[in-house]
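Just below is one structure, and these are the notes that go with it.
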Amino acid sequence: MPALVLLGAQWGDEGKGKATDLLGGSVDYVVRYQGGNNAGHTVVVGDQKYALHLLPSGILTPECTPVIGNGVVVDPSVLFSELNGLNERGVDTSKLLISGNAHLITSYNVTVDKVTERFLGKRKIGTTGRGIGPTYADKINRVGIRIQDLYDESILTQKVEAALEVKNQLLTKLYNRRAIEAGQVVEELLSYADRLKPYVADTVLVLNQALEQNKVVLFEGGQGTLLDIDHGTYPFVTSSNPTAGGACTGAGVGPTKISRVIGILKAYTTRVGSGPFPTELFDADGDALRRIGGERGVTTGRDRRCGWFDAVIARYATRVNGLTDFFLTKLDVLTGWEEIPVCVAYEIDGKRVEELPYSQTDFHHAKPIYETLPGWSEGITKAKTFEDLPKNAQAYVKALEDMSGAPISAIGVGPGRDETIEINSFLS
Ligand code: GDP
Ligand code: IMO
Ligand code: MG
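Residue numbering for the sequence shown follows numbering that gives the first Met the number 0, beginning at 0 and increasing consecutively.
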């Protein structure tokens with residue numbers, strides 16, 4: 000047994016935090032493998048609500064070891080404020096492990112993220128402004144700063160100077176900003192070194208040894224499939240691989256170790272930031288989904304764009320991730336609609352298309368073809384079994400399952416830990 004991957008099947012905010020937290024009690028390690036504090040995961044435990052950005056949601060389960068893998072980008076100031084916030088609320092965070100190979104989000108990368116977006120104007124991505132893209136760009140350009148660099152001042156200084164060489168030219172000559180001084184950046188980074196030290200580990204070794212000992216490891220994705228740098232709606236994506244393969248590179252665990260890949264799928268669709276979204280609603284239904292679903296970003300406070308369920312996207316997520324299961328979330332939000340449209344295919348330039356087109360132009364032109372399913376009016380948040388759901392809600396779930404290409408093994412009927420219907424165990 001088992002390494003499981005849990006990831007977003009749409010454009011993020013599907014309820015990954017809640018799903019991870021729910022499994023936390025049964026797993027030994029929860030690992031973030033990509034992204035950074037662009038993520039915003041809300042977890043509700045009893046009457047307590049937690050907003051996590053960088054830390055894996057397993058941090059709320061005392062038996063579980065939370066791990067930040069090599070594929071994550073880490074802003075130490077955010078990490079510390081998140082740890083402080085949890086400690087103040089009595090959460091023990093001492094078991095946290097962080098890969099020494101994870102890259103650091105430096106203050107200049109936050110600056111570059113913001114000025115680049117401003118420079119793009121109408122063509123902006125709508126990033127979270129947290130320095131994610133520029134930090135991954137530095138990693139690929141081989142001028143990134145890793146956590147291990149904090150423990151060799153001379154190397155750190157050389158690397159920061161190298162990273163700033165081109166950036167300062169850009170900042171001063173193109174963006175009309177002041178140059179950033181390497182010495183100040185080094186000083187700031189060094190100020191984090193001592194507090195980070197106890198958490199820094201060879202997480203690749205730890206995780207592989209855990210798997211050899213039959214421990215249960217859960218990989219928790221940030222963002223979602225359609226925000227993936229390779230498989231998402233490029234260029235309106237994040238700069239990492241939230242899809243299943245990202246768990247292998249972002250944690251150093253081979254694909255043969257992964258036994259289950261669970262796609263978190265919202266019963267409707269949302270997106271934050273720019274980019275195409277075929278089922279987006281601009282009417283009262285969209286407003287109602289936003290209001291009832293509480294669709295406001297945890298990280299940036301932006302309203303989320305809302306639309307009906309898109310089965311083309313769900314099928315695509317099944318394919319690119321090799322999904323074994325879906326966890327359908329927020330079914331309760333759809334209570335009260337007389338009829339619920341579901342997108343089953345697209346019309347692109349007069350032709351019916353069943354699968355997600357690889358061409359950006361085609362996807363921008365895609366118009367949803369809807370089938371309408373009957374709704375239900377009874378509240379469902381108390382439902383404990385599939386049979387407790389109203390017949391039309393059962394039929395909605397079954398229809399989504401048939402269209403999406405993998406079994407729906409759990410259903411979220413409310414934000415709380417216990418507001419979940421388990422159909423097949425994820426850990427058997
Ligand atoms: P994540 O980024 O995928 O972890 O998702 P977010 O936390 O950004 O957004 C999901 C929101 O939906 C959070 O506020 C959750 O508390 C909430 N949520 C998760 N599952 C359910 C559910 O089944 N029903 C309802 N009503 N809310 C849910
Ligand atoms: P969770 O983990 C939804 C979006 C941003 C922007 C694009 C690129 O909570 O699901 P970035 O700052 O990553 O360079 O921004 O990606 N985005 C998210 N949207 N949920 C997220 O995370 C997101 N993380 C990034 O809005 O469109
Ligand atoms: Mg979120």
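Virtual Cβ for every residue (Gly too), placed ideally from N, Cα, C.
| Query | Result |
| --- | --- |
| Residue nearest to residue 152 in terms of C-alpha spacing, selected from 44, 124, 171 and 186 | 186 |
| beta-carbon residue 428 near the ligand MG non-hydrogen atom, thresh 7 angstroms | The structure shown has nothing for residue 428, since the chain only spans 0 to 427. |
| Within 8 angstroms, strictly: CB atoms of residue 94 and residue 60 | no |
| The ligand GDP heavy atom lying under 7 angstroms from the CB of residue 297 | yes |
| Any non-hydrogen atom of the ligand IMO closer than 7 angstroms to residue 15 Cβ | yes |
| For residue 106, the first and last residue of its enclosing alpha helix (DSSP H) | 106-119 |
| Residue 247 - containing alpha helix (DSSP H), residue span | 243-250 |
| Any 3 or more C-beta pairs closer than 8 angstroms across the stretch 324-339 and the stretch 259-276 | yes |
| Span of the beta strand (DSSP E), counted from its first residue to its last, around residue 202 | It is not in any beta strand (DSSP E) - residue 202 instead sits in the alpha helix (DSSP H) that spans 202-211. |
| Buried/exposed call for residue 179, threshold 16 Cβ in 10 Å | buried |
| Closer than 7 angstroms: residue 39 CB and nearest the ligand MG heavy atom | yes |
| Reduced DSSP secondary structure (H/G/I, E/B, other) of residue 435 | A query on residue 435 cannot be resolved here, the shown segment of the chain reaching from 0 to 427 and no further. |
| The alpha helix (DSSP H) enclosing residue 185, as first and last residue numbers | 181-195 |
| Endpoints, alpha helix (DSSP H) assigned at residue 431 | Residue 431 falls outside the range modelled here, since the chain spans only 0 to 427, and no answer is possible. |
| Short CB-CB distance (under 8 angstroms) between residue 309 and chain C | In the structure shown, chain C cannot be found, because there is only a single protein chain. |
| Residues near residue 14 by beta carbon distance below 7 angstroms, same chain, minus five either side | 263, 265, 328, 329 and 411 |
| Residue interval of the beta strand (DSSP E) (run including residue 270) | 268-270 |
| Expected contact under 8 angstroms - CB spacing of residue 188 and residue 149 to nearest Å | 6 angstroms |
| Sub-8 angstroms separation of residue 292 and residue 337 beta-carbons | no |
| Segment contact, 8 angstroms Cβ cut-off, at least three pairs: the stretch 275-292 with the stretch 22-34 | no |
| Unbroken beta strand (DSSP E) run spanning residue 302, endpoints | Note, residue 302: premise wrong, no beta strand (DSSP E); not H, not E. |
| Helix, strand or coil at residue 287 [DSSP, three-state] | helix |
| DSSP three-state assignment for residue 38, whether helix, strand or coil | coil |
| Where the alpha helix (DSSP H) containing residue 22 begins and where it ends | 15-23 |
| Neighbourhood of residue 356 by C-beta, 6 angstroms cutoff - its chain only, sequence neighbours within 5 removed | 362 |
| Distance, residue 10 Cα to residue 239 Cα | 13 angstroms |
| Paired residues, beta bridge with residue 327 - DSSP | 264 and 410 |
| Neighbourhood of residue 198 by C-beta, 7 angstroms cutoff - its chain only, sequence neighbours within 5 removed | 95, 96 and 97 |
| Buried versus exposed, by CB contacts within 10 Å (16 or more), residue 222 | buried |
| For residue 309, the three-state DSSP class (helix, strand or coil) | strand |
| Coil, strand or helix - residue 256 by DSSP | helix |
| Spatial neighbours of residue 78 in its chain, beta-carbon cut-off 7 angstroms, leaving aside the 5 residues before and after | 53 |
| Proximity test, residue 129 beta-carbon vs the ligand IMO heavy atom, cut-off 7 angstroms | yes |
| For residue 12, the nearest candidate out of 85, 211 and 294 (CA to CA) | 294 |
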